[in-house]
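Counted from 1, the sequence shown has number 169 at position 169 by our numbering; the numbering is strictly sequential. Heads up, the beta-carbon is just placed ideally off N, CA and C, and yes, glycines get one too. All of these numbers come straight from a predicted model, not from anything done at the bench. Notes for the one structure printed next.
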Amino acid sequence: MTFPLSIILLLLAFILPDYTTHARFEGVAPVKHHRPNFKPGPWKRAHATFYEGDTRSFGGACGYEDVGTQGYGMETAALSSTLFNDGQTCGACYEIKCTDSPQWCKLGQPSLFVTATNHCPPNFDLPNDNGGWCNPPREHFDIAYPAFSHIAEYKAGIVPVEYRRVSCQRNGGIRYTITGNPYFNLVSVWNVGGAGDVVSVLVKGDGKLKWTTLRRNWGQKWETGAKMAGESLTFRVRASDGRSSTSWHVVPKSWQFGQTFEGKNFK
């Protein structure tokens, strides 16, 4: 059965105004769907060193409590300031290859896949090409040693590499860990797939709390003073590639501070 064009246009005239009015009422723009999945970026040149520590120290500057239990494993890296971008790159994933150093690169030049979980601070007391590896404008990776050892020898210290941004492959959904108190809510966003790095977070309750934009506190920790307690919560995150993921009513009314909830992930 087919409908005349005039009837179809009449139906659209009733539907579309309601849709746009609803979006304005909620105070947030409607999500644009059908964006392509994150694609690998171009290959670039940089250098890599390694640092030692434990699964907690490897996630320091991004706010990840323990990369071992949060799904990142030991395949992590601290980024130089140029790449770190004041924490906005936290959660992004990279493919790294040791190159142009036959003495120190592991045979076969295997690829290493790491997540950005920390910051490699500059050392302005040393020159950029002799110790100040993470000084601007250098693009540099300081890799957790267990991961670095897959592509280069320990004695190398520093090796030239080629790298590119790649899609993050995660098990399960995006995690939201809520800490703080009724007057200061701090939400940690982790285990993000796709582009991996979150550029905005919104929350909405099922009662008085309308769509509210959270502010970046540091790394991937987001804050708001809005009253969230006592409401079922929906979170919407947007990644650096422009895609959004909405986890509807992922948090029940009975939630407590310190709990973690699992939502919908990017692919």
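Let me check understanding here. Comparing Cα to Cα, which of the options lies closest to residue i?
i: residue 165; options: 147, 79, 262, 49; result: 79
i: residue 170; options: 115, 36, 106; result: 115
i: residue 198; options: 35, 161, 214, 42; result: 214
Under 7 Å Cβ to Cβ from residue i, same chain only, skipping five residues before and after it: list those, please.
i: residue 60; result: 118
i: residue 253; result: 230, 231, 232
i: residue 186; result: 179, 180, 217, 221, 223
i: residue 71; result: 170, 171, 191
Comparing the C-beta of residue i with each C-beta of chain B, is any distance below 9 Å?
i: residue 96; result: No chain B appears in this structure, which consists of one protein chain only.
Any idea what DSSP makes of residue i, helix, strand or coil?
i: residue 155; result: helix
i: residue 160; result: strand
i: residue 180; result: strand
i: residue 24; result: Here residue 24 scores only 36 on pLDDT, less than 50, and its place in the model should not be relied on; the value that follows carries that caveat. Note: residue 24 maps to helix in three-state DSSP.
i: residue 82; result: helix
i: residue 61; result: helix
i: residue 38; result: coil
i: residue 53; result: coil
Rounded C-beta distance between residue i and residue j? I'm assuming under 8 Å.
i: residue 145; j: residue 51; result: 7 Å
i: residue 92; j: residue 196; result: 5 Å
i: residue 159; j: residue 111; result: 14 Å between Cβ atoms; not a contact.
i: residue 37; j: residue 267; result: 6 Å
So, for residue i: in the same chain, excluding its five sequence neighbours on each side, which residues have a beta-carbon less than 8 Å away from its beta-carbon?
i: residue 73; result: 67
i: residue 219; result: 61, 62, 63, 64, 87, 90
i: residue 106; result: 98, 150, 151, 152, 153
For residue i, collect the residues of the same chain with a Cβ closer than 6 Å to its Cβ; drop the 5 residues on either side in sequence, then sort them by chain order.
i: residue 200; result: 238
i: residue 40; result: 164, 166
i: residue 269; result: This structure does not reach residue 269, given that the chain is present from 1 up to 267, and the question cannot be answered.
i: residue 156; result: 104
Quiz item: Which runs of the beta strand (DSSP E), 3 residues or longer, sit entirely within the region 225-262?
Solution: Secondary structure remark: continuous beta strand (DSSP E) runs of at least 3 residues inside the region 225-262, in chain order: 233-239, 244-251, 260-262.
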